[in-house]
Amino acid sequence: MGKTKLTYDDAIAKLTAIVDEIEGGGLSITALTAKVKEAMSLVRYCRSQLTEIQDDIEQIFGEEER
Numbered sequence: 108m109g110k111t112k113l114t115y116d117d118a119i120a121k122l123t124a125i126v127d128e129i130e131g132g133g134l135s136i137t138a139l140t141a142k143v144k145e146a147m148s149l150v151r152y153c154r155s156q157l158t159e160i161q162d163d164i165e166q167i168f169g170e171e172e173r
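Counting in the numbering used here, the sequence shown runs from 108 upward without gaps.
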């Protein structure tokens, strides 16, 4: 079975869920560490997606000016 590609919206939803879990308390230090690592990975993914979109938009506007 193929792995489905993570979308920006999915990543944001996962980040929101992680924040809710952390704010809810009750996580062990090990679970907290795992959640923070997962969150950082998702943040890096979101940043890369935003950079890619920004580059695409700049290219579109650059083509319009020609």
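Cβ atoms here follow ideal geometry from the backbone N, Cα and C, with glycine treated the same way.
(message) One question on the structure: do Leu134 and Lys142 come within less than 8 Å of each other, judged by their Cβ atoms?
(response) The Cβ-Cβ distance between Leu134 and Lys142 falls below 8 Å.
(request) Using three-state DSSP, classify Met108 as helix, strand or coil. (result) With a pLDDT of only 48 at Met108, under the threshold of 50, the placement of this residue in the model should not be trusted; the figure read from the coordinates follows. Three-state result, Met108: coil.
(message) Rounding to the nearest angstrom, what Cα-Cα distance links Ala146 and Leu122 in this structure?
(response) Between the C-alpha atoms of Ala146 and Leu122 there is a straight-line separation of about 6 Å.
(request) Starting from Gly132, follow the alpha helix (DSSP H) in both directions and report where the run begins and ends. (result) Neither: Gly132 is in no alpha helix (DSSP H) and is coded neither H nor E.
(request) Return the CA-CA distance between Leu157 and Thr137, expressed in angstroms with no decimal places. (result) Computed Cα separation, rounded: 30 Å.
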